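In our numbering, the protein residues as written are 8 to 79. All residues carry an ideal CB built from backbone N, CA and C; glycine is no exception. Since the model is a prediction, treat every value here as computed from it, not as a measurement. Written below as structure tokens is the structure these notes are about.
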């Protein structure tokens with residue numbers, strides 16, 4: 008996430024059986040800019056790979072938002 012300009016990250020965690028589910032809201036900074044959806048996919052794949060190195064049972068959904076109220 009070092010390459011992503013963000014203001015805050017909200018994480019919700021739940022556990023189902025052996026899996027740990029993370030719902031991640033990344034509240035982006037005004038400097039955040041992408042040209043394609045593929046760029047978002049790359050960010051997500053990188054984040055998932057880093058988390059799975061720590062715990063292979065992690066399943067993640069990542070949302071990129073600007074309005075913090077959407078993370079509530």
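Between residue 18 and residue 31, the beta carbon gap of about 5 Å places them in contact (Cβ cut-off 8 Å). Spatial neighbours of residue 71 in its own chain (CB-CB distance under 7 Å, excluding positions within 5 residues in sequence) are listed in chain order as 33, 35 and 47. 8 Å or more divides the Cβ of residue 28 from the Cβ of residue 69. Bridge pairing for residue 67: 29 [DSSP]. In terms of CA proximity to residue 26, 59 leads the group 59, 43, 76 and 79. Our two residues, residue 16 and residue 54, have alpha carbons roughly 13 Å apart in a direct line.
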